[in-house]
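Numbers in the numbering used here are just positions in the sequence shown, counted from 1, shifted up by 894. For reference, the structure discussed in these notes is given below.
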Amino acid sequence: MPEVVWYRSLYWRIALGFVALLATLLAVQGTAFLWLTGRMSEFLPGRSPAEYSQTIAADLANAIEGKADLDLDAYLNDRYRGTYRAFVVVTRDNRTAVSRRIAPPPQLVRAAFGRLNSELNGGGPPTAGANGAGASGIGAGAPGAGFDRGPDGRGRGGGGGGPDRPGDGRGGRGDRFGRGRGGGPGGSGGPGGPPGGGFVFAPVTVNDATFGVVGVPSEAPPLWAAVRNLGPVLGIVAVGLLVAGTSIAALLIFRPTRRRLRSLQHAAQSIGAGESGARAIESGGDEVAMLAHAFNEMAGGLEERTQALVAANESRRQLLADVSHELMTPLAAIRGYVETMTMADVKLNEPTRQRYLGIVADETERLEHIIGDLLDLARLDGGGGAWKHEPVSVPALFERVLHRHDPMLHAKDITLDRSIASDVTDVMGDPNRLEQALQNLAANAVRHTPSGGRVRLTADRVEDGVRLTIEDTGPGIPPEHLPRVFDRFYKVDESRTGTPLPSGSGLGLSIVQAIVHRHGGRITAGNAETGGARFEIVLPG
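In structure tokens:
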């Protein structure tokens, strides 16, 4: 399986997923904060405290002109419920309205009543004052006389006068809203005034008469006010976004991974329970997919080895049964003839006795061949024994095959032809084992070739090595038997009738196949165009 592409990696997906989650949370949280700050524009006002107090005063004056019995507290708190600045309204009929969202300081109420008394008892036009709007009686000694505005719009307050303190005719210079220094009994925050400085006042004028006073703090609301009012909303939004974001991340990132990991777990449990065909899901293209792919490869290898072990076990049982059968046949014959010859009441003439002894000798020799072939096959399968790897002359191999079977060839009037290509001289391998393989194939061909037939040995070069071919003109091998001709103890002699020679042990072709495979080659069985059997050996070299 190829390496994981970085953007499909589980680690990168988790990292990028959480970065996207945090970015989304911050964006939504910022949007919520901006929405809330839009509602709390008065917390960071664009208007000054004096403008704010004058706005409330003008608004209240208009409302009272249309409805004299107006509920001041309900009206103002409903109209200014979205503001974060405290205010106090006191009227000449002793009604009071205070902001509910941001509670005003207690001294603001006292200062507002003092300012109202000053407005009601003083002369001159009422103005707004901050940090103590000075009140004086100019030369009249009237308590709380007011101040007027100069040509430049700035208020000129007189010296504070009244019953306890005669006016001196001097007043602090105020700004354009009447804020100045100095003050009298009706002021706030100035020298000689009552405590509670830092306030801004605006008169509520109805029908050219002072109806009341609006007072607001000159400083911005405290930070705790914003935290107290915005904190719960922002907290709820943050928790909701966190839960939603975590849920989405879990569904998009971890749920598919968990599903595939569960599949891998179930596959492992199934294999542990003996279900060798169980496999894990390989989709996804990330580290989990690579793990599932490696697991499936391991499971496939285990399944192949399990099947090989089952097949080997079955083959071993079959081999034991075949060996028992093959060994019992000559042993039974030997025992039967020996018992017959040793029976006291059975009189055998000499020719019969010699025939029985010959049969016993033949069966003994057959038994020796079977045992020898079994031992030889066991050594080949186990890789034991010393093997040579040297050049072996192909013409010399064919010559030794001819000499070995020459008596049988003459007896059956069989012709053995040899054909060696000009570019074929040697093959690499063990000379004794290669000769053994060719001798077994040649003996099989001679055994099944009728009298007057022909056996042909050829050697030529093919793309991947040297090909050695043995053909005969016998009855051939039925197609249904071709896949099993190299199985141990498998015989097809009943389908190749008409040959007087007895069949072999059924191990010859298995030994030939083991020798060829040990040399790194391959062997195939088929039928020639003439109808006889054809065996091909391809050896590397």
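Built from N, CA and C at the ideal position, the CB exists for glycine as well.
Could you name the residues of the same chain whose beta carbon sits closer than 7 Å to that of residue 959, not counting the 5 residues immediately before and after it, in chain order? Residue mapping note: residue 959 aligns to position 65 of the sequence shown, counting from 1. 1100.
May I ask you to report which of helix, strand or coil DSSP gives residue 910? Counting from 1 along the sequence shown, the entry for residue 910 is found at position 16. Look at residue 910 here: in three-state DSSP terms it is helix.
Pop quiz: residue 1261 and residue 1196 are said to be a contact at Cβ under 8 Å. What is the actual Cβ separation, rounded to whole angstroms? Walking along the sequence shown from the start, residue 1261 turns up at place 367. Walking along the sequence shown from the start, residue 1196 turns up at place 302. About 41 Å separates the two Cβ atoms, so there is no contact after all.
With 16 other Cβ atoms within 10 Å as the buried cut-off, status of residue 1417: Within the sequence shown, numbered from 1, the residue matching residue 1417 stands at position 523. Classification for residue 1417: buried.
Simplified DSSP assignment, three categories, for residue 1244: Position 350 of the sequence shown, counted from the start, is the residue given in the question as residue 1244. In the structure shown, residue 1244 sits in a helix (DSSP, three-state: H, G or I).
Is it buried or exposed for residue 988, if we count other Cβ within 10 angstroms and need 16 for buried? Position 94 of the sequence shown, counted from the start, is the residue given in the question as residue 988. With fewer than 16 other Cβ atoms from the protein chains shown falling within 10 Å of its own Cβ, residue 988 counts as exposed.
Grab the span of the alpha helix (DSSP H) containing residue 1355 for me, first residue to last. Position 461 of the sequence shown holds residue 1355. The continuous stretches of alpha helix (DSSP H) do not include residue 1355, which lies in the beta strand (DSSP E) extending over residues 1348-1356.
When the Cα atoms are used, what is the spatial distance from residue 1267 to residue 1259? By 1-based counting over the sequence shown, the position of residue 1267 is 373. By 1-based counting over the sequence shown, the position of residue 1259 is 365. Between residue 1267 and residue 1259, the C-alpha separation is close to 12 Å.
Is the CB-CB distance between residue 973 and residue 1095 below 8 Å? Position 79 of the sequence shown, counted from the start, is the residue given in the question as residue 973. Position 201 of the sequence shown, counted from the start, is the residue given in the question as residue 1095. The Cβ atoms of residue 973 and residue 1095 lie no closer than 8 Å to each other.
Closest residue to residue 1430 among 1414, 1353, 1377 (Cα-Cα distance): Residue 1430 sits at position 536 when you count from the first residue of the sequence shown. Ranking 1414, 1353, 1377 by CA distance to the CA of residue 1430 puts 1353 first.
Could you tell me the boundaries of the alpha helix (DSSP H) in which residue 1421 lies? In the sequence shown, the residue the question calls residue 1421 occupies position 527. It is not in any alpha helix (DSSP H) - residue 1421 instead sits in the beta strand (DSSP E) that spans 1416-1421.
Which one or two residues does DSSP pair with residue 1100 in a beta bridge? Taking the sequence shown and counting its residues from 1, one reaches residue 1100 at position 206. DSSP output for residue 1100 lists 1103 as bridge partner(s).
Which residue from 943, 1319, 1295, 1177 puts its Cα closest to that of residue 1284? Residue numbering aside, residue 1284 sits at position 390 when the sequence shown is read from its first letter. Answer by Cα proximity: 1319.
Tell me which residues share the same chain as residue 1433 and place their Cβ nearer than 6 Å to its Cβ, disregarding the 5 neighbours each side in the sequence. Residue numbering aside, residue 1433 sits at position 539 when the sequence shown is read from its first letter. Within the same chain, residue 1433 has close Cβ partners 1321, 1359, 1360, 1413, 1415.
Considering just the uninterrupted stretch of the beta strand (DSSP E) at residue 1431, what are its terminal residues? As a position in the sequence shown, residue 1431 is number 537, starting the count at 1. That run of the beta strand (DSSP E) goes 1427-1433.
Assuming residue 1376 and residue 1331 make a contact with CB atoms under 8 Å, what is their CB distance in whole Å? By 1-based counting over the sequence shown, the position of residue 1376 is 482. By 1-based counting over the sequence shown, the position of residue 1331 is 437. Cβ atoms of residue 1376 and residue 1331 stay farther apart than 8 Å, at about 19 Å.
Which same chain residues end up closer than 6 Å to residue 1313 when comparing Cβ atoms and leaving out the 5 residues on each side of it in sequence? On the sequence shown, position 419 is the one that residue 1313 refers to. Excluding sequence neighbours, residue 1313 sits near 1352.
Beta-carbon proximity list for residue 986, same chain, < 8 Å, skipping 5 on both sides: Taking the sequence shown and counting its residues from 1, the one referred to as residue 986 is at position 92. Here the set comprises 1010, 1014, 1104, 1105, 1106.
Below 8 Å, how does it come out for the region 1197-1216 and the region 1230-1239: are there three or more Cβ pairs, yes or no? Segments in contact, no.
Quick check: what's the CA-CA separation for residue 961 versus residue 1097? As a working note, residue 961 is residue 67 in the sequence shown. As a working note, residue 1097 is residue 203 in the sequence shown. Going by the C-alpha atoms only, they are around 18 Å apart.
Quick one, are the C-beta atoms of residue 1371 and residue 1343 less than 8 Å apart? Reading the sequence shown from its first residue, position 477 is the one you call residue 1371. Reading the sequence shown from its first residue, position 449 is the one you call residue 1343. Contact: no.
Taking residue 1405 and residue 1271 to be in contact with their CB atoms under 8 Å, please state how far apart those CB atoms are, rounded to whole angstroms. Translated into positions along the sequence shown, residue 1405 becomes position 511. Translated into positions along the sequence shown, residue 1271 becomes position 377. Indeed they touch by this definition, with Cβ atoms about 6 Å apart.
What did DSSP end up calling residue 1064 once you bin it into helix, strand or coil? As a working note, residue 1064 is residue 170 in the sequence shown. Only weak support exists for where residue 1064 lies, its pLDDT of 37 falling under 50; the value from the coordinates is given anyway. Of the three classes helix, strand and coil, the one that applies to residue 1064 here is coil, per DSSP.
If you reduce the DSSP assignment to three classes, tell me which class residue 1237 lands in. Numbered from its first residue, the sequence shown carries residue 1237 at position 343. Residue state, collapsed to three classes: coil.
So, is residue 1350 buried or exposed, given that buried needs 16 or more other C-beta atoms within 10 angstroms? Taking the sequence shown and counting its residues from 1, the one referred to as residue 1350 is at position 456. Looking at its Cβ environment, which holds 16 or more other Cβ atoms inside 10 Å, residue 1350 is buried.
Let's test the definition: count the other Cβ atoms within 10 Å of the Cβ of residue 1248 and tell me whether it reaches 16, buried, or not, exposed. Here residue 1248 is taken as the residue at index 354 of the sequence shown, counted from 1. Residue 1248 is exposed by the Cβ-count criterion.
Where residue 1299 falls, given that 16 or more other Cβ within 10 Å makes a residue buried: Taking the sequence shown and counting its residues from 1, one reaches residue 1299 at position 405. Under the 10 Å beta carbon count, residue 1299 is surrounded by 16 or more other beta carbons and is classified as buried.
Nearest-angstrom Cα distance between residue 1228 and residue 1263? For the purposes of this step, residue 1228 is identified with residue 334 of the sequence shown, where counting begins at 1. For the purposes of this step, residue 1263 is identified with residue 369 of the sequence shown, where counting begins at 1. A straight-line Cα-Cα distance of about 15 Å links residue 1228 and residue 1263.
Nonlocal neighbours in the same chain, by C-beta distance under 6 Å from residue 991, ignoring five residues either side: As a position in the sequence shown, residue 991 is number 97, starting the count at 1. The answer, listed in chain order, is 966, 967, 970, 983.
Using a threshold of 8 Å, state whether the C-beta atoms of residue 1440 and residue 1253 are closer than that. Residue coverage of the chain in this structure runs from 895 to 1435, which leaves residue 1440 outside it and unanswerable.
Delimiting residues of the beta strand (DSSP E) encompassing residue 1364: On the sequence shown, position 470 is the one that residue 1364 refers to. Run containing residue 1364: 1359-1366, per the beta strand (DSSP E) assignment.
Buried versus exposed, by CB contacts within 10 Å (16 or more), residue 1287: Taking the first residue of the sequence shown as position 1, residue 1287 is located at position 393. Looking at its Cβ environment, which holds fewer than 16 other Cβ atoms inside 10 Å, residue 1287 is exposed.
Whole angstroms is fine: what's the gap from residue 923's alpha carbon to residue 1170's? The residue given as residue 923 occupies position 29 in the sequence shown. The residue given as residue 1170 occupies position 276 in the sequence shown. Residue 923 and residue 1170 have their alpha carbons spaced roughly 53 Å apart.
Span of the beta strand (DSSP E) holding residue 1285? As a first step, residue 1285 is located in the sequence shown; it is residue number 391 there, counting from the start. Element bounds for residue 1285: 1284-1287.
Can you check which of these residues, 1110, 911, 920, is closest to residue 997 by C-alpha distance? In the sequence shown, counting from the first residue as 1, residue 997 sits at position 103. Ranking 1110, 911, 920 by Cα distance to residue 997 puts 1110 first.
Closer than 6 Å by C-beta to residue 1006: which residues in its own chain qualify, once you throw out the five before and the five after it? Chain order, please. Numbered from its first residue, the sequence shown carries residue 1006 at position 112. Short of 6 Å from the beta carbon of residue 1006, and not among the five residues preceding or following it, lie these beta carbons of its own chain, in chain order: 982, 984, 1107, 1109.
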